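What follows is a short report on a single structure.
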Amino acid sequence: MPDFFRTPHRIVWLGLLLAATPAHSDSQNWTSRYVSRPASELDGQKLREIYASATREVVVLNGLWEARKEGEQAWHPVSVPGAFDFQGQVTFRRKVKLDSSLMGRRLQFVALGINARCTIFVNDKFVGTHVGGHTSFRFPVDSSVFFFGKENEFRIEVSNRLSPRGTLPLKHRPLAPRNLGGIFRDVFLLALPEISLAGVQVTPSLSSELSEGKLDVLAEVKTEAGNPPPGDNVIVYLELRDKEKPGRVLRSAPVPVQLHPGVVRVTAELLVPKARPWRPEQPKLYELRVVLARGRKTLDVTRASVGFSDFQVGPDGFLVNGKATRLNGVGWVEWWPDAGPCAGWEALERDLRTIKKLGADAVRVVAAPPHPFFLHLCDQLGLLVLEEMPLFSIPRPRFEDPGFMKLVSSYLTEMLRRDASHPSLAAWGVGGESSEAGAHLGTLIGLVRQLSPRPVYVVERPRLGCSVPDAVDFT
112 MPDFFRTPHR IVWLGLLLAA TPAHSDSQNW TSRYVSRPAS ELDGQKLREI YASATREVVV
172 LNGLWEARKE GEQAWHPVSV PGAFDFQGQV TFRRKVKLDS SLMGRRLQFV ALGINARCTI
232 FVNDKFVGTH VGGHTSFRFP VDSSVFFFGK ENEFRIEVSN RLSPRGTLPL KHRPLAPRNL
292 GGIFRDVFLL ALPEISLAGV QVTPSLSSEL SEGKLDVLAE VKTEAGNPPP GDNVIVYLEL
352 RDKEKPGRVL RSAPVPVQLH PGVVRVTAEL LVPKARPWRP EQPKLYELRV VLARGRKTLD
412 VTRASVGFSD FQVGPDGFLV NGKATRLNGV GWVEWWPDAG PCAGWEALER DLRTIKKLGA
472 DAVRVVAAPP HPFFLHLCDQ LGLLVLEEMP LFSIPRPRFE DPGFMKLVSS YLTEMLRRDA
532 SHPSLAAWGV GGESSEAGAH LGTLIGLVRQ LSPRPVYVVE RPRLGCSVPD AVDFT
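When the letters of the sequence shown are read in order and numbered with our numbering, they come out as residues 112 to 586.
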């Protein structure tokens, strides 16, 4: 395992953080310490740019909600995204009128971050439960649950209680950021066509000579029971546009798909001759469209910005597109004085532009996955991202608990599937700062290798020691 990352002449890290302080134990006046995103950033425009398309509609659920702490009777007005500063449970509710034009669409509830355990209800009907504060998730919601043209009540029960055995992170978190609870990132409904693409995973890659790019796409075509008719056929194909050359479109060969009720998995690929690599000094991006069509009729389309980059670790250092590169990086935590962990695109962009002006070309996101906006901005600005799990100072008995390892594996999988396609994602962190975790971290590294080609690191803190598995690429 290369050890040059431990020497300051090879990689320079500047910490940009505030000291960790415990959450308040007195929850009586909890609303006075509730933090939220500025009202000017609640409209959801960036959500629409990223998640909507010609066939998909975003219904933004940010804004004014009501909240009630466990054991209280009164409801209080609060803004979402927002967070409470005590350990406990809070129930959030909001009524939203859904336009009748959404009738007949497949609807998904999407949350970009709710800390830490939440249960979602729509019109008193159970939708789903999620555990994991900084990973994003979505739940399908049956259309029979909604009242179209009328108000619908969304209710979300949120607990940020940590335990010493069965939560991630664990309750004992030396020097960790504060554990605020709540709907601290964006929430929205995503309206899809009846026959639509789901679970789209994009894997960009570069040839060894850096002369050709390739896009591999794994997608699911989902239909509802009773739809479509037997033997119905559709096609899936890829379109790639160079934003600097609007008239140039590359299209893959169509992949035929025979539909049946449920889910059909399909793969497609597109070769990109003379693809320009993404690099920090010139972050080249293309626009990818994954299209589902029947004949000439488009049934569904998803859009994504993609770039072609390759990161490896070798004897000469950290390789960016095959070239040994000295990284100048900062450590960053998702926290603002007035908004806590709840800020949006504008605050993230200010932070990242400041980091870029400092001369940095890499950002280590400390101890948890960031808001998805963070990755999109780093793609655009040319900043390498080191993203990691909140898996620090974990004693061996916890790793030997099958329930805990299941939670850890689920968290890691959600993180990888959400962010692996970003060209700025340079390496994955699987925790560290434990003298007993080596073999178990090796198991997690194996999971990373299945889902992403990027290097893997663990964190070592001086004098604490760390059991480093052989499979790790750097520390």
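For glycine and all other residues, C-beta sits at the position ideal for the given N, C-alpha and C. Small disclaimer: the values here were computed from a predicted structure and weren't measured.
Three-state class that DSSP yields for residue i in the structure shown
i       : result
Glu-335 : coil
Gly-455 : coil
Gln-423 : strand
Leu-488 : helix
Glu-152 : helix
Tyr-100 : The displayed coordinates of the chain run from 112 to 586. Any statement about residue 100 would go beyond what the structure contains.
Ala-185 : coil
Gly-327 : According to the sequence as given, residue 327 is Asp; it is not Gly. Looking at Asp-327 - three-state DSSP - the assignment turns out to be strand.
Ser-521 : helix
Val-559 : helix
Pro-384 : strand
His-551 : helix
Phe-515 : helix
Thr-132 : With a pLDDT of 44 at Thr-132, under the threshold of 50, the modelled position of that residue is not reliable, and the figure given next carries that caveat. In the structure shown, Thr-132 sits in coil (DSSP, three-state: anything other than H, G, I, E or B).
Glu-392 : coil
Thr-436 : strand
Asp-137 : Annotation note: pLDDT 49 at Asp-137 (below 50); position unreliable, coordinate value reported separately. Reduced to three states, the DSSP call for Asp-137 is coil.
Val-509 : Per the sequence presented here, residue 509 reads as Arg, with Val not at that position. Residue state, collapsed to three classes: helix.
Rounded C-alpha distance that separates residue i from residue j
i       : j       : result
Gln-587 : Arg-507 : The structure shown has nothing for residue 587, since the chain only spans 112 to 586.
Gly-182 : Cys-229 : 17 Å
Ala-531 : Ala-185 : 43 Å
Arg-560 : Phe-485 : 23 Å
Asp-154 : Ser-212 : 21 Å
Gly-199 : Glu-544 : 28 Å
Ser-563 : Gly-557 : 10 Å
Phe-203 : Arg-266 : 6 Å
Leu-403 : Val-345 : 7 Å
Met-592 : Glu-525 : Since the first residue shown for the chain is 112 and the last is 586, residue 592 is missing from the structure and cannot be characterised.
Ala-309 : Ala-330 : 6 Å
Phe-258 : Gly-373 : 24 Å
Leu-502 : Glu-152 : 31 Å
Thr-314 : Trp-141 : 44 Å
Asp-386 : Leu-326 : The amino acid at residue 386 is misidentified as Asp; the sequence shows Ala. When rounded, the distance between both Cα atoms is 11 Å.
Leu-301 : Leu-158 : 10 Å
Ser-136 : Val-201 : Model confidence at Ser-136 stands at a pLDDT of 47, short of 50, so the residue's coordinates are unreliable; what they give is reported in the following sentence. Going from the Cα of Ser-136 to the Cα of Val-201 covers about 15 Å.
Phe-419 : His-533 : 9 Å
Glu-445 : Leu-438 : 21 Å
Asp-584 : Leu-536 : 15 Å
Val-298 : Arg-144 : 22 Å
Asn-432 : Ile-161 : 27 Å
Thr-278 : Asp-196 : 18 Å
Bridge partner(s) assigned by DSSP for residue i
i       : result
Asn-226 : Gly-293
Arg-475 : Gly-442, Leu-497
Leu-399 : Leu-351, Ala-415
Trp-447 : Gly-451
Ser-190 : Leu-175
Gly-543 : Phe-503, Val-570
Ser-316 : Lys-325
Asn-344 : Gln-369
Val-238 : Note: Val-238 sits in no beta bridge, so no partner.
Proximity of residue i and residue j at Cβ, strictly below 8 Å
i       : j       : result
Ala-538 : Val-567 : yes
Glu-398 : Arg-376 : no
Gly-293 : Gly-193 : yes
Asp-472 : Leu-494 : yes
Arg-296 : Gly-224 : yes
Val-366 : Val-347 : yes
Gly-451 : Val-146 : yes
Tyr-522 : Gly-243 : yes
Glu-305 : Glu-335 : yes
Val-401 : Val-474 : no
Leu-381 : Leu-410 : no
Asn-263 : Val-233 : yes
Chain D contact for residue i (CB, 8 Å cutoff)
i       : result
Gly-373 : Going by chain labels, chain D is absent from the structure shown, which holds only one protein chain.
Exercise for the section: Scan the region 249–310 and note each continuous beta strand (DSSP E) run of 3 residues or more that stays entirely inside, going in chain order. Expected result: 262–270, 298–303
Handout entry: Inside the region 358–383 only - beta strand (DSSP E) runs reaching at least 3 residues
Key = 366–369
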